[in-house]
Structures are given as structure tokens and as C-alpha cells.
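Quick note on numbering: numbering that gives the first Met the number 0 labels position 108 of the sequence shown as 107, and the sequence is numbered without any gaps. Glycine residues also receive a C-beta, built at the ideal position from the N, C-alpha and C atoms. Everything below concerns the one structure shown next.
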Amino acid sequence: MIEVNPNDTTRAAAFEMWMKAPMPMVTIFKKIDIKPIVKISHRNGMKLNALMCYIVAKAASQIDEFFLLPVDGKLMRYDSLAVSVVVNVGDGEISTCDVPYSEDLREFYADYINLTDTVRRTKKAYDLSQTHMVIGTSALTQCDIDGVVNIYSGVFNNPFLTWGRYRKGFFKTMLPISFQFHHTQMDGAHAALFLNKMQDEINAIKKYCKTAGV
Numbered sequence: 000m001i002e003v004n005p006n007d008t009t010r011a012a013a014f015e016m017w018m019k020a021p022m023p024m025v026t027i028f029k030k031i032d033i034k035p036i037v038k039i040s041h042r043n044g045m046k047l048n049a050l051m052c053y054i055v056a057k058a059a060s061q062i063d064e065f066f067l068l069p070v071d072g073k074l075m076r077y078d079s080l081a082v083s084v085v086v087n088v089g090d091g092e093i094s095t096c097d098v099p100y101s102e103d104l105r106e107f108y109a110d111y112i113n114l115t116d117t118v119r120r121t122k123k124a125y126d127l128s129q130t131h132m133v134i135g136t137s138a139l140t141q142c143d144i145d146g147v148v149n150i151y152s153g154v155f156n157n158p159f160l161t162w163g164r165y166r167k168g169f170f171k172t173m174l175p176i177s178f179q180f181h182h183t184q185m186d187g188a189h190a191a192l193f194l195n196k197m198q199d200e201i202n203a204i205k206k207y208c209k210t211a212g213v
């Protein structure tokens, strides 16, 4: 990551307005149809959460604002993205694992499985925050929730998605998602575009599986 002058980016006005705001986080709620990836998960024996994380990163990779992040009062630019996963390491404890984004679904899935298994075994977090813009995720699949508004600590400014249990219908399988982001990093229009792109990428999952040979 490198520090950039906000005035040399599209976020100059937002940096001035929101960087020192007491509560600069925004949360958007949306329901998306995940039936295509549920089918792939069941048919190919792939973890649904891994597929969701791939979709998150693939959609984010198409939006420039995701490569910028306010850190310690500065605006930083990253070349790469990663998705953070909460890992149950046993004994009531959790840790986190940052999975680097690869456009190749097979490569991303292999990294997801290998890295989360390592975190689960060692009980040590795998952190890529110094080299990747990390998108946080939390899958509360034991709960039927409509969304989550996270606390804001002023330390963790990364975008964050939360989802719970999906709701199965005859034609669609709907999943409510909450997406929290720092207003310095992006505006509501960017966030809405990202969520729409997530749906587009879910609808195209068959193509990515065929390309990756999975």
C-alpha cells in the first residue's frame, strides 16, 4: 500500500468532509438471490461461504474506490484485495483469515480452504492488511437476520459485509446482506453499484466454474 494525496483522487471532497467525522460509517441493507451459488455448492461440494467470498471480491475488484482506504488519518491505495473470514477455532474462540483475491475461482477456493484450515489448526490469525485492502465478512448462518449495524471503533475502517441464514423459495433463494463502509472511501452510489454487481456475478457463477474447471 502507498499513501496518496486525496486531492489527486476522486475522494478529495469526501476526505475533507468525513475523515474526522465522529461516525463516518454507512450501512446499506439489501436482499440478493443466491440460488445459482447454492446450486453450485450442492452440486460440486463447494463451501457456500467460500463462493460468497469470491463473489464479494470479484464484484469489489471492478470498483476503483475499493482500492482506497482511510488509515490513521491518511488515504492509502492498494494494488490487491482480500476477503477476511471469521474462523471458529474451537473452545468458543474465533480468529480471522484474510484470503487473497484471485480472479481464478479454483485458485481462490484452494486458498480459502488451505488458509482457513491453517488458522483453525494453529489458532493464529492470517493477516494481509499491510499488503491488501481487506473486505471483512461475517456469516451468522445460525441466525435468521435482516441485517447488522457494526460498532465503529475509529481503528478498523475497512468495508464489512454480514449475512445470516438464507431464505429458500420456489424460484429464488434470498439472502439479506448488510454492507458497512467508510464514507471517505466511497459514496452510497458506489456501494449500491457494488451490491448490484454482486448479484450480476452470482448470476454468472456457472461461467466462472466452467472456466476454472470446477
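Next item on the list: Note down the Cα distance separating arginine 42 from isoleucine 31, rounded to an integer number of angstroms.
Entry: The C-alpha of isoleucine 31 is placed about 20 Å away from the C-alpha of arginine 42.
Item checked: Cα-Cα separation between tryptophan 17 and tyrosine 125, rounded to whole angstroms -> For tryptophan 17 and tyrosine 125, the distance between alpha carbons rounds to 30 Å.
Note to self: Between threonine 26 and phenylalanine 169, how many whole angstroms is the CB-CB distance? I'm expecting something under 8 Å.
What the structure shows: No, threonine 26 and phenylalanine 169 are not in contact; Cβ-Cβ is about 30 Å, not under 8 Å.
Margin query: Taking 8 Å as the threshold (C-beta atoms), are valine 85 and methionine 197 in contact?
Written below: No, the Cβ-Cβ distance between methionine 197 and valine 85 is not below 8 Å.
Item checked: Between the CA atoms of threonine 95 and tyrosine 207 - distance to the nearest angstrom -> Those two C-alpha atoms are separated by around 26 Å.
Checklist line | Beta-carbon proximity check, threonine 183 vs arginine 76, cutoff 8 Å | finding: No, the Cβ-Cβ distance between threonine 183 and arginine 76 is not below 8 Å.
Next item on the list: Look up threonine 172 in the DSSP assignment and give the residues it is bridged to.
Entry: Threonine 172 is bridged to Lys167.
Next item on the list: Kindly indicate if chain D contains any beta-carbon less than 8 Å away from that of valine 86.
Entry: Absent from the structure is chain D; it holds one protein chain and no more.
Check: Which runs of the alpha helix (DSSP H) spanning at least 4 residues fall entirely within the segment 93-128, listed in chain order?
Finding: Runs of the alpha helix (DSSP H) inside the segment 93-128: 104-121.
Checklist line | C-alpha distance - aspartate 90 paired with aspartate 116, whole-angstrom precision | finding: Straight through space, the alpha carbons of aspartate 116 and aspartate 90 are spaced by roughly 16 Å.
Item checked: CB contact flag (valine 98, asparagine 156, <8 Å) -> No, the Cβ-Cβ distance between valine 98 and asparagine 156 is not below 8 Å.
Notebook entry, point to check: With 16 other CB atoms within 10 Å as the buried threshold, where does alanine 12 fall?
Noted result: Looking at its Cβ environment, which holds fewer than 16 other Cβ atoms inside 10 Å, alanine 12 is exposed.
Note to self: For the structure I just gave you, are there three or more beta carbon pairs, one from the segment 126-134 and one from the segment 102-116, closer than 8 Å?
What the structure shows: The segment 126-134, when compared against the segment 102-116, does not touch it at the 8 Å Cβ threshold.
Next item on the list: Answer yes or no: do leucine 174 and isoleucine 33 have a C-beta to C-beta separation smaller than 8 Å?
Entry: A contact, by the Cβ cut-off of 8 Å.
Next item on the list: Tell me glutamate 2's beta-bridge partners as DSSP assigns them.
Entry: According to DSSP, which records beta bridges pairwise, glutamate 2 is partnered with Met75.
Checklist line | Inter-residue spacing [alpha-carbon to alpha-carbon] between leucine 80 and lysine 167 | finding: Answer to the nearest angstrom: the Cα atoms are 31 Å apart.
Note to self: Please return the same chain residues whose Cβ sits closer than 7 Å to the Cβ of threonine 140, not counting the five positions on each side in sequence.
What the structure shows: Counting only Cβ-Cβ distances below 7 Å, and skipping sequence neighbours, we find Gly163 and Arg164.
Next item on the list: Drop a sphere of 10 angstroms on the beta-carbon of lysine 19, count the other beta-carbons inside from all chains shown, and report buried for 16 or more, exposed for fewer.
Entry: That one is exposed.
Checklist line | isoleucine 1 versus lysine 171 - alpha carbon distance | finding: Per the coordinates, the alpha-carbon of isoleucine 1 lies some 43 Å from the alpha-carbon of lysine 171.
Margin query: Using CA atoms only, rank isn't needed, just tell me which of Gly153, Ala203 and Phe193 is closest to lysine 73.
Written below: Nearest of Gly153, Ala203 and Phe193 to lysine 73, Cα basis: Gly153.
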